[in-house]
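A.B. asks: Start counting the sequence shown at 1; every next residue gets the next number (UniProt numbering).
Cβ atoms here follow ideal geometry from the backbone N, Cα and C, with glycine treated the same way.
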Amino acid sequence: MLSNASHINISGQAECRTHTRHPHSASAHRRPTRADTRTNLSYEKTGSNGEEYTQTFVKQNTKIVLDCAVNINFSTSIWLKDGQIVQTILKDNTNNKRVIGHRFLVDATGNLFIDNVRLEDDGKWQCEAEDAFGFVVQGKPIQLTVLVIPTQLLSPRSSSEYKV
Numbered sequence: 001m002l003s004n005a006s007h008i009n010i011s012g013q014a015e016c017r018t019h020t021r022h023p024h025s026a027s028a029h030r031r032p033t034r035a036d037t038r039t040n041l042s043y044e045k046t047g048s049n050g051e052e053y054t055q056t057f058v059k060q061n062t063k064i065v066l067d068c069a070v071n072i073n074f075s076t077s078i079w080l081k082d083g084q085i086v087q088t089i090l091k092d093n094t095n096n097k098r099v100i101g102h103r104f105l106v107d108a109t110g111n112l113f114i115d116n117v118r119l120e121d122d123g124k125w126q127c128e129a130e131d132a133f134g135f136v137v138q139g140k141p142i143q144l145t146v147l148v149i150p151t152q153l154l155s156p157r158s159s160s161e162y163k164v
């Protein structure tokens, strides 16, 4: 069961609260998703195959955090982009320092931090988490769309340039 509520406040922050029920228990799982609307925008969607996913738009050359939304206590997690495993570094091991050559950091909760988003980051992202018993659960897919913001605006042409 899924219900959504969303709003945008004056400060430019958007918040979407998603409430789900774990499929094997009655416990509720609430996960707010926040995005700075000047940089990122996320909302829940259902695909033509009935699969629920999060559509997220992000500007190129910015940072973003993708949530690993699973309903288990897990010991390990990995991230996939378009079905391929992404090499990540545990964020706790970096002492909040930038790691040269690595843009993908994962924290203890499985969230993926992408630094300096690039066009090649556009695609379907999904985490997989494994509990202590070896049970693997896939998180909700995230369709990441990278936006390129024009650096120069074109000026309108004079009417004399539009000759037929």
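Going by C-alpha distance, which of Tyr43, Gly139, Leu41 is nearest Asn71?
C.D. replies: Residue Gly139 is the option with its Cα nearest to Asn71.
A.B. asks: For a test of the three-state rule: what should DSSP assign to Leu90, helix, strand or coil?
C.D. replies: Assignment of Leu90 by DSSP, reduced to helix, strand and coil, places it in the strand class.
A.B. asks: What does the Cβ neighbour count give for Asn40, buried or exposed, with the cut at 16 atoms within 10 Å?
C.D. replies: buried
A.B. asks: Considering only their Cβ atoms, is the gap separating Leu119 from Val106 smaller than 8 Å?
C.D. replies: no
A.B. asks: Taking the C-alpha atoms as reference points, what is the distance between Lys124 and Asp82?
C.D. replies: 5 Å
A.B. asks: Name the residue from Gly101, Thr88, Phe135, Leu154 whose alpha carbon lies nearest to the alpha carbon of Leu112.
C.D. replies: Taking only the C-alpha atoms, the option nearest Leu112 is Thr88.
A.B. asks: How many Å lie between Thr76 and Leu154 at the Cα?
C.D. replies: 49 Å
A.B. asks: For a quick check, are the C-beta atoms of Gln143 and Thr62 less than 8 Å apart?
C.D. replies: no
A.B. asks: Check each candidate in Pro150, Ile85, Arg103, Pro156 and name the one with the smallest Cα separation from Ala129.
C.D. replies: Ile85
A.B. asks: Could you check if Ala35 is buried or exposed, using at least 16 other CB atoms within 10 Å of its CB as the buried criterion?
C.D. replies: Low local confidence applies: a pLDDT of 44 at Ala35 is under 50, so the model's placement there is unreliable, with the coordinate-based value given in what follows. Per the 10 Å Cβ criterion, buried.
A.B. asks: Inspect the beta-carbon positions of Ile114 and Ile78 and report whether they are closer than 8 Å.
C.D. replies: no
A.B. asks: Using 8 Å for Cβ pairs, my map puts Leu147 next to Lys45. What's the rounded Cβ distance?
C.D. replies: Leu147 to Lys45, Cβ: 17 Å. No contact.
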